[in-house]
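*Asks:* Using my numbering, read the sequence shown as starting at 672 and increasing by one per residue.
We put the beta carbon where it would ideally sit given N, CA and C, even for glycine.
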Amino acid sequence: MSGSLRKFAPRREHKERSQLGGRKRLGLLEKHKDYVLRAKDHKGKQKQLKRLRERAAMRNPDEFYFNMERSQVKDGVHIEERKQAMTVEMERLMETQDIKYVRMQRDINRHKIEKLENELHLADASNQDEKPQHTVFVGSEKDVERFDAAKHFNTLPEFVDRKYNRPTIDALEKSEIARPSGSVLKKAVETREARLRELKDRLEREQKLKRVEAEMQLRKALKEKGKRAKVGTDQLGLAVYKWKAERKK
672 MSGSLRKFAP
682 RREHKERSQL
692 GGRKRLGLLE
702 KHKDYVLRAK
712 DHKGKQKQLK
722 RLRERAAMRN
732 PDEFYFNMER
742 SQVKDGVHIE
752 ERKQAMTVEM
762 ERLMETQDIK
772 YVRMQRDINR
782 HKIEKLENEL
792 HLADASNQDE
802 KPQHTVFVGS
812 EKDVERFDAA
822 KHFNTLPEFV
832 DRKYNRPTID
842 ALEKSEIARP
852 SGSVLKKAVE
862 TREARLRELK
872 DRLEREQKLK
882 RVEAEMQLRK
892 ALKEKGKRAK
902 VGTDQLGLAV
912 YKWKAERKK
């Protein structure tokens, strides 16, 4: 048979056997090509570890490098300035996740904060610890001394300090308002306090996630090329950098 027709001749197909029925619990049967890939990966890792051990053994302990200026030794362990200012939880988040995950968590947290604010009727959650104020303009100082908030708002004195749900006297006289029982009122107060605590925790989490996102962006920028200068420090005493504007081609 000529060489040109040999490739068109029927050939026997060699198949590798699959995993036996009684050993299917062990997974797929490893073929030779799988072993080759696994062996190459293992040898590559061993070579890399060997090179790292040689570099560590040949390294000069008295050699200076610029990272020494931003690190210090604490209990025999080198700690960088920026890592020390972050909590363990925040540092672990930056090491295990990327910035897209942090932004997604911030979006979820902000939606929950808005939902809690709507439930609690809080117009400004950032000033929730401050006492709400309602400014009323009068004609003279004598009117200020004689001013009666309950009479001005046409409500009972017990409802004056309310920020929401402040019924008037006419509305109270016209409608029959059923007073809730003590257990129902107590449960409502506990639910509101739980919502306030959750809102406070959510706001603190928002600040932490915001700090983590900014820190991840800064660390990524510090690894890239470009001239930069230290322009000050932030609230935690960490350096704040400003990059020189470069004209892109």
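Buried or exposed, going by whether 16 or more other CB atoms sit within 10 Å of the CB of Val773?
*Replies:* Label assigned to Val773: buried.
*Asks:* Work out the CA separation of Arg777 and Glu877 for me, nearest whole Å.
*Replies:* Cα to Cα, Glu877 sits roughly 6 Å from Arg777.
*Asks:* Val809 CB to nearest chain D CB: under 8 Å?
*Replies:* In the structure shown, chain D does not exist; there is a single protein chain.
*Asks:* Is Lys702 closer than 8 Å to Glu687 when the C-beta atoms are compared?
*Replies:* Contact flag set, yes.
*Asks:* Please report the residue range of the beta strand (DSSP E) in which Arg899 lies.
*Replies:* Unbroken beta strand (DSSP E) run through Arg899: 899 to 904.
*Asks:* Among residues of its own chain, excluding the 5 on either side of Lys898, which ones have a beta-carbon nearer than 6 Å to its beta-carbon?
*Replies:* These residues qualify, in order along the chain: Lys915.
*Asks:* Let's test the definition: count the other Cβ atoms within 10 Å of the Cβ of Val883 and tell me whether it reaches 16, buried, or not, exposed.
*Replies:* That one is buried.
*Asks:* How far does the beta strand (DSSP E) with Ala910 in it reach, from first residue to last?
*Replies:* Ala910 -> beta strand (DSSP E) spans 910 to 914.
*Asks:* Residues in the same chain with beta-carbon distance under 8 Å from Gly698, minus the five sequence neighbours each way, listed in chain order, please.
*Replies:* Here the set comprises Gln690.
*Asks:* Answer yes if the segment 868 to 876 comes into contact with the segment 761 to 775, meaning at least three C-beta pairs across the two stretches below 8 Å, and no otherwise.
*Replies:* Touching, no, given that fewer than three Cβ pairs across the two stretches are closer than 8 Å.
*Asks:* Do you know offhand how far His823's Cα is from Leu843's?
*Replies:* Distance between the alpha carbons of His823 and Leu843: 16 Å.
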